[in-house]
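Engineer: Below is the structure I would like to discuss, written out as structure tokens.
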Amino acid sequence: MPRITAANNGAQRAETQRRILTAFGELLFTHGLPGLTMTDVARHAGVGRTAVYNYYADIEELLISYALDETERFLSDLREALDRLDNPVERLALYVRAQVEDLSRRHLPPGPAMAAVMSPSSFAKLADHVGELSVLLQGILRDGMEQGYLPEADIAQQAQLIHGTLSSSAARGSDEPVELEARIQRTVRFIQLGAGARFDDDGRPVRAGRAPAVAG
């Protein structure tokens with residue numbers, strides 16, 4: 000019989016937990032949160048119900064863990080992608096695209112539904128985590144203003160308006176690839192122009208005070 004080492008045991012626990020979170024996310028997408036039980040999650044994950052309770056005390060704890068895990072992974076991937084771009088207007092486009100894509104496929108219920116099933120302390124944890132997205136967006140807007148690509152404005156208010164637009168865009172339309180891509184492109188340009196970005200004839204961002212070149 001092979002010896003079970005601490006490393007193997009740790010990897011097995013991590014794999015089981017990942018299966019549980021994945022199963023929970025899939026069930027959120029197909030069935031929604033109301034009526035979802037730990038037994039449903041265990042069956043979908045292919046593990047015993049006791050295994051689920053080894054990690055999570057109840058659906059609320061499972062929901063907050065799933066939400067934090069999804070947000071952490073999204074933030075990590077987004078930061079890595081943003082680090083590869085220098086121009087703040089292009090970084091804003093990437094942020095918007097990533098958000099619409101994520102919101103369009105994410106299995107999480109909307110904020111009010113989350114608040115209804117979570118304790119105030121659990122919802123506060125999620126709100127703090129999601130707040131990191133606002134900090135990231137505000138940093139992009141601040142860079143755009145400081146570098147002259149965007150006009151001066153109330154950064155916090157502008158970030159709030161952008162996130163409202165993103166949520167509205169993600170809630171509308173089909174997720175069919177062609178339609179989703181068209182919606183993303185419209186949303187990106189709408190938000191860029193709304194933030195005050197301007198472009199030359201080739202579609203490249205230009206600094207404020209530099210009018211786009213006129214062909215002729």
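Numbering that gives the first Met the number 0 puts the first residue of the sequence shown at 0, with every later residue one more than the last. Ideal Cβ positions, reconstructed from N, Cα and C, are used throughout, including at glycine.
(1) Looking only at C-alpha atoms, which of Asn7, Val134 and Ala22 sits nearest to Leu74?
(2) Could you have a look at Pro33 and say whether DSSP puts it in helix, strand or coil?
(3) In angstroms, rounded to a whole number, what distance separates the CA positions of Gly24 and Arg18?
(4) Exposed or buried, Asp101, counting other C-beta atoms within 10 Å across all chains shown (16 or more means buried)?
(5) Determine, for Ile154, whether the minimum Cβ-Cβ distance to residues of chain D falls below 8 Å.
(6) In chain order, which continuous runs of the alpha helix (DSSP H) of length 4 or greater are located wholly inside the segment 19-83?
(7) Counting along the chain, where does the alpha helix (DSSP H) carrying Ser103 start and finish?
(8) Excluding sequence positions up to five away, which residues of its chain have a Cβ less than 7 Å from the Cβ of Ala50?
(9) Please classify Arg197: does DSSP put it in a helix, a strand, or coil?
(10) Assuming Leu99 contacts Ser168 under a Cβ cut-off of 8 Å, what Cβ separation, rounded to an integer in Å, is found between them?
(11) If you run the structure through DSSP and keep just helix, strand and coil, what is Pro176?
Structural biologist: Walking through what the data contain:
(1) Residue 74 sits at position 75 when you count from the first residue of the sequence shown. Considering only alpha carbons, the answer is Val134.
(2) Here the question's residue 33 lines up with position 34 in the sequence shown. Coil.
(3) If you number the sequence shown from 1, residue 24 lands on position 25. If you number the sequence shown from 1, residue 18 lands on position 19. Between Gly24 and Arg18, the C-alpha separation is close to 10 Å.
(4) The residue given as residue 101 occupies position 102 in the sequence shown. Classification for Asp101: buried.
(5) As a matter of chain content, chain D is missing from the structure shown, which is built from one protein chain.
(6) 37-44, 48-54 and 58-81
(7) By one-based count along the sequence shown, residue 103 stands at place 104. Unbroken alpha helix (DSSP H) run through Ser103: Pro87 to Arg104.
(8) The residue you call residue 50 lines up with position 51 of the sequence shown. Around Ala50: Thr15 and Ala41.
(9) Indexing the sequence shown from 1 puts residue 197 at position 198. Arg197 falls in the strand class under three-state DSSP.
(10) Taking the first residue of the sequence shown as position 1, residue 99 is located at position 100. Taking the first residue of the sequence shown as position 1, residue 168 is located at position 169. In the sequence as displayed, the identity of residue 99 is Val instead of Leu. With 8 Å as the limit, Val99 and Ser168 qualify as a contact, their Cβ atoms being about 6 Å apart.
(11) Working through the sequence shown from its first residue, we reach residue 176 at position 177. If DSSP states are grouped into helix, strand and coil, Pro176 belongs with the helices.
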